[in-house]
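Protein chains in written order, with our numbering: chain W, 4 to 406; chain C, 4 to 406; chain X, 198 to 567; chain D, 198 to 567. All remarks here apply to the structure that follows.
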Amino acid sequence: MDFKDTQQEAEFRIEAAKWLGENIPTDAELEGLDHIQRAKLWQKRKYDAGWACIRWPKEHGGRGANAIEQVIFDQEQGKYKTPDSIFGIGQGMCAPTMMAWANEDQNKQYMPALASGEHVWCQLFSEPAGGSDLAALRMRAVKDGDDWVVNGQKIWTSGAHYSDYGVLVLRTDPDMPKHQGLTYFFLDMKSPGIEIKPIRQISGGANFNEVYFTDVRIPDAQRLGAVGQGWQVALTTLMNERASIGGGGGGVNFDSVFELASNTNVDDQPAIKDAGVRRKLADWYVQEAGLKFTGYRSMTALSRGEIPGPENSIGKLVGAPKQQDMASFALDLLDASGIIWDEDLSARAGLFQATYMASPGFRIAGGTDEIMANIIAERVLGMPQDIRVDKGIPFSEIPTSGS
Amino acid sequence: MDFKDTQQEAEFRIEAAKWLGENIPTDAELEGLDHIQRAKLWQKRKYDAGWACIRWPKEHGGRGANAIEQVIFDQEQGKYKTPDSIFGIGQGMCAPTMMAWANEDQNKQYMPALASGEHVWCQLFSEPAGGSDLAALRMRAVKDGDDWVVNGQKIWTSGAHYSDYGVLVLRTDPDMPKHQGLTYFFLDMKSPGIEIKPIRQISGGANFNEVYFTDVRIPDAQRLGAVGQGWQVALTTLMNERASIGGGGGGVNFDSVFELASNTNVDDQPAIKDAGVRRKLADWYVQEAGLKFTGYRSMTALSRGEIPGPENSIGKLVGAPKQQDMASFALDLLDASGIIWDEDLSARAGLFQATYMASPGFRIAGGTDEIMANIIAERVLGMPQDIRVDKGIPFSEIPTSGS
Amino acid sequence: MNFEFSEEQNMLREQAQGFLQDNCPTSRVRSILDGEESFDKDLWQKVVEMGWTATVIPEEYDGLGLSYLELSVIAEELGKAIAPIPFSSSVYLATEILLAAGSAEQKSDWLPKLAAGSAIGCLAVAEGSGTTSGSGLTSEIKGGKLTGIKIPVADGDIADFAMVLAQSDQGPTVCLVSLNQSGVGCERVKTLDPSRSHACLSFTEATAEVVGESGQGLVLLESIYNRAAVLFAWEQVGGADTALDMAKEYALGRFAFGRPIATYQAIKHKLAHAYVKNTLARSNCYFGAWALATDAKELPIAAATARVAAIQAYYYASKENIQTHGGMGFTWEFDCQFPYRRSKLLAINIGSEAVWQEKLIQAIEKDRAA
Amino acid sequence: MNFEFSEEQNMLREQAQGFLQDNCPTSRVRSILDGEESFDKDLWQKVVEMGWTATVIPEEYDGLGLSYLELSVIAEELGKAIAPIPFSSSVYLATEILLAAGSAEQKSDWLPKLAAGSAIGCLAVAEGSGTTSGSGLTSEIKGGKLTGIKIPVADGDIADFAMVLAQSDQGPTVCLVSLNQSGVGCERVKTLDPSRSHACLSFTEATAEVVGESGQGLVLLESIYNRAAVLFAWEQVGGADTALDMAKEYALGRFAFGRPIATYQAIKHKLAHAYVKNTLARSNCYFGAWALATDAKELPIAAATARVAAIQAYYYASKENIQTHGGMGFTWEFDCQFPYRRSKLLAINIGSEAVWQEKLIQAIEKDRAA
């Protein structure tokens, strides 16, 4: 048991570190660019040097690297402040689906531009009536000649307004059972009839959109998998989702609350002197360490060519409520002044307030706490599903709030 | 808003207090008696003076008092140390069922002896395969002339070995749906064919029994309600159960842990000086106060002749896990010596150890935490039942662990 | 045993509920949260007309002379409605300080105005982060002149006068400062709950008068906080019930996997636990209200008990309400944000959970030593 | 990154599992819990024959000279089996003290015997309730004679010698006392977990020799506790997994309302949370094992982290295992009691949760100050 790279990993790390050290965009280069331009500049630079999407095959614009090399590259890149990526969903979820289900010509056509950052992709699965029950989607596609005509609404689509392409699942036969009447497509997001409206969140951000479709036409050639096979294709996308959504990233953690407690006085002495504060901090430290070392165990599995299990759902299930409680606790430490949410006036530029307001979203996006617990019980512990009343009957006959 | 009795209540309280003050058994009177004899002595004395089962009609041995008078009498009696009652289930659960479902002759025959403590009654509902799912009981009764012949096993019967009578629910038709094939009886516990085995608990006690039946005959005249109506009759019994099972009584509470923390040193100072200890104690105090004042609100409802709601399930749902956590915490305060469980050596004669071992039972007996939460969600908040796969099909076709 | 509100008090509650349903739907909360106004002036005017600001003010000062039980009823209903008005600052804090420690002149100057709603008061204690104790205090009052900076001050930009904690030669002292004078600067600050306004108040040689005894400010505030804590707790319990109701209604109507999410144990038990917390908190508020209304010696314990329970109940109900709603609950468009924001404001406005847990144990120790 | 046990270590685990399945079924635990024997002598003898007591003892003292990773594997498996033997007292505590601070003579006197299982050691620190600090210590060592009373002493009635913390002229000191001498009294005490024996040891002018430096006992114990905490944590995580497995198996087979209780979210989520706690605790134990095996400067943080996580995981899993079983889980006849009892013993045997939370924060503060 050690923390050292294998020799091959060590060599790869040196190579990656060297390239990164010489190629990280300078402030001057980024000056005057918006966040999309910055992300594209950095992605293109990596692509040109063979450091983009390194696990992809070379013919699709990647490097043919393995999983642990990806981890190493990410670790090394993480040592720098680089432009925020806008390609996570496209490269992390859409691309694996395309590579598994699209034909070779299509992949040759679309993948390199996705790897290079020229094109941004988004994912259109959720619908207002869906939520945790993703397969309950109702939006229809109707065959018309060589096209499918699409009407309806998708929701929770990140980056829809700056995306070039999207993947989506539609109901092509409402009289089939729920999971069998679905079909999967990709489409040009600039197609006529698409209207995008940002969703304002309680945290103040607007990372997601509603996307309205009016008689949008998708060529049948852009169908992935057979008609009616959409759920199976969607599972390819979703299996890649869990890996890419973390516990909410950045945000409040042990370090920030420990520092706050060390620098905030309660009754004339730093809060960190208070045994109650210490005990809470200890618990959070222990949780964070547990998550970190669980990650190390997963990386070891990757390094050995094994596939880490759905144990990774733990990260989100533990991390998201922890962030909420820690943020709430930090505001309490600040006492009355915790209410102030102002970049200039608040501790850490409002990190604690921002996390208090954002963390309810962490507990929902990418699978609620409750869904995560189901997943662990079912896929890890092998416990049976809850009783399903929506199986084996036509989708149109499944009870809904309207019925 | 005040804590005063109404004038009528105050008068009743004085009368009850006066009688109690003059009639509480003395140590000399109890000397040499076992706990059953002591309980019977005190019950008989109350009965003779008209203070037994005071809410019952006079012709059944009671006093015709109302609910708040019962509370007042219990409060006044609670000021003394009196022999532990062994009549709770008989008087609290069996009697209301008899009064609702037996005929007048039967009630005249059996109720006075139950009120006077001459007879002890027990309740035989649960079976090994039952648990939370009480109606899943399998034990059969088969009609034979004017009798029913009973074979099988009941479990969790308190006081079976010193009971004179019992009530029980049996399956008389396994081909009817679960709740419709049951019939309710009362029986003489000295009937031939009954064998009683105490169940040893992890807490060391043996408050419950298994009761085995071999060709036990019950006269049809001792059937309560119609054949197949047993579940309805059982609900009468069960509605009276919730009221009589508390949060585990006695046991560990704020006072005992506060005292322990005040008298136990951690790092050379009393544990109560530790802010972490204070915070936990505060939370427990707040919970206990909340339960106490919720009780006051229920009593006010009683005093006004209203019926307190199933909100009372709160007491058990909050109280039982709280006792477990408090006992566990108290053992931690004692550090290594917390492990010692000895009447002479342990603080409070082993109260904390005994509660640590008994509290898992509090969380189960009379409805598990999970069932209590279901009850609150369904009966108080009006949320729907979970999906039921055991409704409307013959009992014999309901899936079981054997199938 | 009569541990219940009277018939008249329950009638007041019905009236208050009807009034707030009409005049304070969540759309009003939203318009303050989302707009430029610092409070709902229209609602405030009507609340004043209902006489709510005058509830416990004695009749000799044009008040209604009612008890704290009536004020508790109003507090709970305002909490349920998540009302965007400076009621707590003006009524539970500023008015209470005047009643407890104001001179005859101060009382006759201000109480009739507070009763009539022609003046709004606020309390200014905090000077930045952490709890404010005597020794850290930098604001100073000297010869009737106040200098210092107070931030945040709830409703500081709305109020006509502030009760300010400042250092005098005798020690920490509460003083009354009219905010309509030169020497007072006021800037709104951005907060987590913009449905209630907050300001930074700066004083430069502002005219101020001592309230109560000079140097006894902390003792005065301690007793005021105990009184206010009960009323805050009622607001919190009201809000917690609103959050629970929202969650329950949504769960009954929202379907997943072919059935209402209200049929899933994960949701049922979540809401059952919220109900339990709310019920225990409410029962503790009953005792708090009784202690406040009767000036009982149990008030310090009763107040801390009610406040701790109410803080915990409101946090749990408001966060799990969003969780029950799923993604929709996280959108600006939905109302779930209102109780979630307000729960935190009320939780830290007069001392946080840990502060009150500590007060509770101290009060119990004192009680048992006696 | 190679954050995993080696192939050889995993083989050792398989071997240990097979051995314990054969030689330590729960019926063995039950027979000790319920009977008069103070430990499972037969199992102990076989454990000794497997060489487990010799694992980390250097070869020069007839040990196997293996690493703490091997010992971690054994600890986890013993924890899973809830083994009724004095392994932790003799191996994680007494042996470790000798290895860390024993004189050459003490080592050659005792280590070969410990390795060969012909001697069993224990540690005697507590003198009644509460944590034992230097100043409260009443046992005394003077001129090689020990006088005092130690209670409770885990495995004190089984052990051949005890490491005893006593006051010397220089301060708290660890001394080694043979228990086979006049001047030593031993009485078994009744405990919460009778599957592990505990005693009250009384010393009257008993012959004793100082281990390590006189007056440095607390420093020595501090470092020993850090080492032992990792091994205790492995036992605890093993036990927590046993409890989770029991609960899962029962839930899969037990039907209520026509379906396995394993289909109910209340049960699924309960066990999912147990799994999460166990997994995080196990990962923390990995880091603890690495720090222990490499004598890393991170050991104090790693040990406290592993111990706090393991205490919490075992408590949760063992109590919710009973809860999942319902009434049957509360009967003597079922095995649910074993992990529930053992979890508390292991949680308080070398300092409770709060003690280790405090140690953790102190270690972090020290680390960050450096």
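Glycine included, every Cβ here is placed at the ideal spot set by N, Cα and C.
**OP:** State yes or no: is the beta carbon of D/K516 nearer than 9 angstroms to at least one beta carbon in chain C?
**Re:** In the fourth sequence, the residue the question calls residue 516 of chain D occupies position 319. So, interface residue.
Original post:
Using a Cβ-Cβ distance under 9 angstroms, would X/V322 count as near chain W?
Top reply: Here residue 322 of chain X refers to the residue found at position 125 when the third sequence is read from its first residue. Yes, its Cβ sits closer than 9 angstroms to a Cβ of chain W.
Subject >> Contact test: D/A551 Cβ vs the ligand GDP heavy atom, cutoff 8 angstroms >> reply: As presented, the structure is devoid of all ligands, the ligand GDP included, so that no description of it is given.
Original post:
Helix, strand or coil: which one does DSSP assign to C/E123?
Top reply: By 1-based counting over the second sequence, the position of residue 123 of chain C is 120. Here residue 123 of chain C turns out to be Val, not Glu, going by the sequence shown. C/V123: coil per DSSP, three-state reduction.
Subject >> Top-ranked residue by Cα proximity to C/E213, from C/V74, C/T240 and C/G155 >> reply: By one-based count along the second sequence, residue 213 of chain C stands at place 210. Selected option, being the one with the closest Cα: C/G155.
Subject >> Neighbourhood of D/I519 by C-beta, 7 angstroms cutoff - its chain only, sequence neighbours within 5 removed >> reply: Residue numbering aside, residue 519 of chain D sits at position 322 when the fourth sequence is read from its first letter. Cβ within range, chain order: G526, F527, C533 and Y537.
Original post:
According to DSSP, which residues form a beta bridge with W/P222?
Top reply: For the purposes of this step, residue 222 of chain W is taken as residue 219 along the first sequence, with counting starting at 1. For W/P222, which the question treats as bridged, DSSP gives the partners W/D150.
**OP:** Ignore the nearest five residues each way along the sequence and tell me which others in D/C482's own chain have a CB closer than 6 angstroms to its CB.
**Re:** Within the fourth sequence, the letter at position 285 stands for residue 482 of chain D. Within the same chain, D/C482 has close Cβ partners A430, W431, V434 and A503.
Original post:
Quick one: is X/A351 near chain W, going by C-beta distance under 9 angstroms?
Top reply: Counting from one through the third sequence, the residue named residue 351 of chain X turns up at place 154. Taking Cβ atoms only, chain W reaches closer than 9 angstroms to X/A351, which makes this a yes.
Subject >> Every unbroken beta strand (DSSP E) inside the segment 152-212 of chain W [3 residues or more] >> reply: 168-174, 185-191 and 197-202
Original post:
CA-CA distance, X/K445 and X/A510?
Top reply: In the third sequence, counting from the first residue as 1, residue 445 of chain X sits at position 248. In the third sequence, counting from the first residue as 1, residue 510 of chain X sits at position 313. Roughly 16 angstroms separates the two Cα atoms.
**OP:** Starting from X/Q462, find everything on chain D with Cβ-Cβ shorter than 7 angstroms and list it in chain order.
**Re:** Reading the third sequence from its first residue, position 265 is the one you call residue 462 of chain X. What X/Q462 touches in chain D: Y461, Q462 and A463.
Original post:
Assuming D/A425 contacts D/Y289 under a Cβ cut-off of 8 angstroms, what Cβ separation, rounded to an integer in Å, is found between them?
Top reply: In the fourth sequence, the residue the question calls residue 425 of chain D occupies position 228. In the fourth sequence, the residue the question calls residue 289 of chain D occupies position 92. Indeed, because the Cβ distance is near 4 angstroms, the residues count as touching under 8 angstroms.
Original post:
How would you list, in chain order, the residues of chain W whose beta-carbon sits under 8 angstroms from the beta-carbon of D/M457?
Top reply: Numbered from 1 along the fourth sequence, position 260 holds the residue referred to as residue 457 of chain D. The sequence given here places Pro at residue 457 of chain D; Met does not occur at that position. Correct list: P387.
Original post:
Would you say D/V407 and D/I294 are within 9 angstroms of each other, going by their C-beta atoms?
Top reply: Indexing the fourth sequence from 1 puts residue 407 of chain D at position 210. Indexing the fourth sequence from 1 puts residue 294 of chain D at position 97. Result no, Cβ atoms of D/V407 and D/I294 do not sit closer than 9 angstroms.
**OP:** Please go through the same chain and pick out, in chain order, the residues whose beta-carbon is closer than 6 angstroms to the beta-carbon of D/A272, but skip the five residues on each side of it.
**Re:** As a first step, residue 272 of chain D is located in the fourth sequence; it is residue number 75 there, counting from the start. L428, W431 and E432.
**OP:** In angstroms with no decimal places, state the Cα-to-Cα distance between X/D306 and X/R225.
**Re:** Locating residue 306 of chain X in the third sequence gives position 109, counting from the first residue. Locating residue 225 of chain X in the third sequence gives position 28, counting from the first residue. Distance between the alpha carbons of X/D306 and X/R225 is about 32 angstroms.
Original post:
How long is the line joining the alpha carbons of C/N28 and C/T85, rounded to whole angstroms?
Top reply: Your numbering for residue 28 of chain C matches position 25 in the second sequence. Your numbering for residue 85 of chain C matches position 82 in the second sequence. Before going further, note that residue 28 of chain C is Pro rather than Asn in the sequence given. Roughly 7 angstroms between the two C-alpha positions.
**OP:** Give the straight-line distance between the Cα atoms of C/E373 and D/F400, rounded to the nearest whole angstrom.
**Re:** Translated into positions along the second sequence, residue 373 of chain C becomes position 370. Translated into positions along the fourth sequence, residue 400 of chain D becomes position 203. C/E373 and D/F400: Cα-Cα distance of roughly 51 angstroms.
Original post:
Would DSSP call D/T344 helix, strand or coil?
Top reply: Translated into the one-based positions of the fourth sequence, residue 344 of chain D becomes position 147. Looking at D/T344 - three-state DSSP - the assignment turns out to be strand.
Subject >> Terminal residues of the beta strand (DSSP E) in which X/I338 lies >> reply: One-based indexing of the third sequence puts residue 338 of chain X at position 141. Segment E337 to K339, the beta strand (DSSP E) holding X/I338.
Subject >> W/S259 in three-state terms, based on DSSP >> reply: Numbered from 1 along the first sequence, position 256 holds the residue referred to as residue 259 of chain W. Reduced to three states, the DSSP call for W/S259 is helix.
Subject >> Close Cβ partners of W/S161 (< 7 angstroms) along its chain, the five nearest in sequence each way excluded >> reply: If you number the first sequence from 1, residue 161 of chain W lands on position 158. The answer, listed in chain order, is I92, C125, N210 and F211.
**OP:** Kindly indicate which residue of C/F365, C/D51, C/I221 and C/D258 has the alpha-carbon position closest to the one of C/G318.
**Re:** Taking the first residue of the second sequence as position 1, residue 318 of chain C is located at position 315. With distances taken between Cα atoms, C/G318 lies closest to C/F365.
**OP:** Drop a sphere of 10 angstroms on the beta-carbon of X/F452, count the other beta-carbons inside from all chains shown, and report buried for 16 or more, exposed for fewer.
**Re:** Numbered from its first residue, the third sequence carries residue 452 of chain X at position 255. The residue is buried, with at least 16 neighbouring Cβ atoms inside 10 Å.
**OP:** If I'm right that C/L334 touches C/Q356 with Cβ under 8 angstroms, what's the distance once you round it to whole angstroms?
**Re:** Taking the second sequence and counting its residues from 1, one reaches residue 334 of chain C at position 331. Taking the second sequence and counting its residues from 1, one reaches residue 356 of chain C at position 353. About 7 angstroms separates the two Cβ atoms, so the contact holds.
**OP:** Check each candidate in X/W249, X/L418, X/S549 and X/E201 and name the one with the smallest Cα separation from X/L263.
**Re:** Translated into positions along the third sequence, residue 263 of chain X becomes position 66. With distances taken between Cα atoms, X/L263 lies closest to X/W249.
Subject >> DSSP bridge partner residues for D/Q364 (one or two, in chain order) >> reply: Along the fourth sequence, one-based indexing puts residue 364 of chain D at 167. According to DSSP, which records beta bridges pairwise, D/Q364 is partnered with D/E337 and D/P369.
**OP:** Step through the CB atoms of chain D and report whether any lies within less than 9 angstroms of the CB of C/L348.
**Re:** Within the second sequence, numbered from 1, the residue matching residue 348 of chain C stands at position 345. At least one chain D Cβ lies under 9 angstroms of C/L348.
Original post:
Is the distance from the Cβ of C/G64 to the Cβ of C/A55 below 9 angstroms?
Top reply: In the second sequence, the residue the question calls residue 64 of chain C occupies position 61. In the second sequence, the residue the question calls residue 55 of chain C occupies position 52. Going by C-beta atoms, C/G64 is nearer than 9 angstroms to C/A55.
Original post:
Taking the beta strand (DSSP E) that D/C221 falls in, what are its first and last residues?
Top reply: Numbered from its first residue, the fourth sequence carries residue 221 of chain D at position 24. Segment: none, D/C221 is in no beta strand (DSSP E) and carries neither H nor E.
Original post:
Between the beta-carbon of X/I346 and the beta-carbon of X/L398, is there less than 9 angstroms?
Top reply: Translated into the one-based positions of the third sequence, residue 346 of chain X becomes position 149. Translated into the one-based positions of the third sequence, residue 398 of chain X becomes position 201. Yes.
Subject >> Three-state secondary structure (DSSP) of X/C533 >> reply: As a working note, residue 533 of chain X is residue 336 in the third sequence. Here X/C533 sits in coil by DSSP.
Original post:
With burial defined as no fewer than 16 other Cβ atoms inside 10 Å of the residue's Cβ, what is the status of D/V505: buried or exposed?
Top reply: Sequence index remark: in the fourth sequence, residue 505 of chain D carries index 308 (1-based). By the 10 Å Cβ count, D/V505 comes out buried.
Original post:
Under the DSSP definition of a beta bridge, which residues are partnered with X/N199?
Top reply: Locating residue 199 of chain X in the third sequence gives position 2, where the first residue counts as 1. Per DSSP, C/D5.
**OP:** Give a yes or no on whether 9 angstroms exceeds the smallest Cβ distance from X/H466 to chain D.
**Re:** For the purposes of this step, residue 466 of chain X is identified with residue 269 of the third sequence, where counting begins at 1. It does; some Cβ of chain D falls within 9 angstroms.
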